[in-house]
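A.B. asks: Before I ask anything, here is the structure I am working with.
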Amino acid sequence: MTYSDVYNSSIKRLEAENIPDAKTDIRLLFDILIEKDRGFLLTHGTDDMPDDELSKIEEAIEKRAKHIPLQHITGVQDFMGLTFKVSDKVLIPRFDTECLVEEVMRECCDGAKVLDVCTGSGCIIISLTHYINDLEAYALDISEDALLVAKENAKALGKNVTFIKSDLFSEIEEKNFDYILSNPPYIRSEEINNLMDEVKNHDPMLALDGGDDGLDFYRRIAKDARNYLKLGGRLFFEIGFDQGESVSEILENNGYKDIKVIKDYSSNDRVVCASR
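Residue numbering for the sequence shown follows my numbering, starting at 95 and increasing by one per position.
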């Protein structure tokens, strides 16, 4: 079979399984798995595809047809201009979360002391250490598997982050942070079954379930973060599109000031920040 034949038949296969953005997925699979980009397909589309490349693509297509996330097949996801390793042990970094990083970057100065709670793949804290000089960077997660992925990402990108296995703040001794930030689980328990198959069946449940109202982790973090922030230190949360008012109220009830809700590029509430 030629490259064009395989390319076109692969698109049809995914479309038949109701895979969204099938054309984009196939383009990325060709690019990442066999290093054949759009330019190659335009100039060599009539060439026969070697058996080893065909096997890689066919195996990947069968996985994607079962709604296994593209990122779990390729093993990578781009975030903030960097490439991160991902697996089914961590939440796949989302474009929405770049809004959280960008908001921290607006305020964070060189040499600041920063803590990332529920770090997952490490994409948030590692991105900050890439773009801000001399950060004293710490990150927590309850999942040992997630921390292994985060450590691999930090090593691959040459960033120095202290990773700690901890149920929120239970195992960290450091205090006086300038910034604490978190993209915690915030999906309401009853809504998880309504999510896309790629999410509910393949993202770790630990990274999704925010309790009955989706706010469990905001309550816990807001309460305890006061003991780890320096006076005037800032707390940043990523939130669900409909949680701005609720999370703001949680912060106010815990004595935080200067509470602000920031919208993402789709004009949805996405980040809440406040000061101790």
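All C-beta atoms, glycine included, are put in the ideal place defined by N, C-alpha and C.
1) So, helix, strand or coil for I333, using DSSP?
2) Measure the C-alpha to C-alpha separation of I220 and E246 and round it to an integer number of angstroms.
3) Quick one: what's got a C-beta closer than 7 Å to D228's C-beta in the same chain, skipping five residues either side?
4) For V366, does the three-state DSSP call read helix, strand or coil?
5) DSSP on I258, reduced to helix/strand/coil?
6) If you count every other CB in all the chains shown that lies within 10 Å of the CB of E292, and 16 or more means buried, which is it?
7) Considering only residues of the same chain and omitting the five flanking positions on each side of R320, which have a CB-CB separation below 6 Å?
8) Leaving aside the five residues before and after A154 along the sequence, list all residues of the same chain whose C-beta is less than 7 Å from its C-beta, in chain order.
9) Confirm the yes/no value for this check: CB of E292, any heavy atom of the ligand ADP, distance under 7 Å.
10) Have a look at the DSSP bridge pairing and note the partners of R328.
11) Tell me, to the nearest whole angstrom, how far the beta carbon of L262 is from that of L234; I am working on the premise that it is less than 8 Å.
12) Check K354 in the structure and name its three-state DSSP category.
13) What did DSSP end up calling A231 once you bin it into helix, strand or coil?
14) Within 8 Å, do at least three Cβ pairs link the segment 197-217 to the segment 175-188?
15) Compare the C-alpha of N302 against each of I315, N277 and D318 and name the closest.
16) Within this structure, are the beta carbons of Y232 and T256 separated by less than 8 Å?
17) Within 10 angstroms of its Cβ, does S360 collect 16 or more other Cβ (buried), or is it exposed?
18) Does the segment 344-360 come close enough to the segment 294-308 that 3 or more CB-CB pairs lie under 8 Å?
C.D. replies: The short version:
1) As a first step, residue 333 is located in the sequence shown; it is residue number 239 there, counting from the start. Of the three classes helix, strand and coil, the one that applies to I333 here is coil, per DSSP.
2) Taking the first residue of the sequence shown as position 1, residue 220 is located at position 126. Taking the first residue of the sequence shown as position 1, residue 246 is located at position 152. Approximately 11 Å between the Cα atoms of the pair.
3) As a working note, residue 228 is residue 134 in the sequence shown. These residues qualify, in order along the chain: D204 and G205.
4) Working through the sequence shown from its first residue, we reach residue 366 at position 272. If DSSP states are grouped into helix, strand and coil, V366 belongs with the strands.
5) Numbered from 1 along the sequence shown, position 164 holds the residue referred to as residue 258. Reduced to three states, the DSSP call for I258 is strand.
6) Position 198 of the sequence shown, counted from the start, is the residue given in the question as residue 292. Buried.
7) Taking the first residue of the sequence shown as position 1, residue 320 is located at position 226. Answer for R320: R370, listed in chain order.
8) Locating residue 154 in the sequence shown gives position 60, counting from the first residue. Closer than 7 Å at the Cβ level, and outside the excluded window around A154, lie L123, L127 and I167.
9) In the structure shown, the ligand ADP is absent, as is every other ligand, since no ligand is present at all.
10) Here residue 328 is taken as the residue at index 234 of the sequence shown, counted from 1. DSSP lists Y273 and S369 as partners of R328.
11) Counted from its first residue, the sequence shown places residue 262 at position 168. Counted from its first residue, the sequence shown places residue 234 at position 140. With 8 Å as the limit, L262 and L234 qualify as a contact, their Cβ atoms being about 7 Å apart.
12) Translated into positions along the sequence shown, residue 354 becomes position 260. The answer is strand: DSSP assigns K354 an E or B state.
13) Here residue 231 is taken as the residue at index 137 of the sequence shown, counted from 1. In the three-state reduction of the DSSP assignment, A231 falls in the strand class.
14) yes
15) By 1-based counting over the sequence shown, the position of residue 302 is 208. For the sequence presented, residue 302 should be read as Leu rather than Asn. Closest option to L302, Cα to Cα, is N277.
16) To locate residue 232, count along the sequence shown from 1; it is residue 138. To locate residue 256, count along the sequence shown from 1; it is residue 162. Yes, Cβ-Cβ distance for Y232 and T256 is below 8 Å.
17) The residue labelled residue 360 in the question sits at position 266 within the sequence shown. Note on S360: under 16 other CB atoms within 10 angstroms of its CB, so exposed under the neighbour-count rule.
18) no
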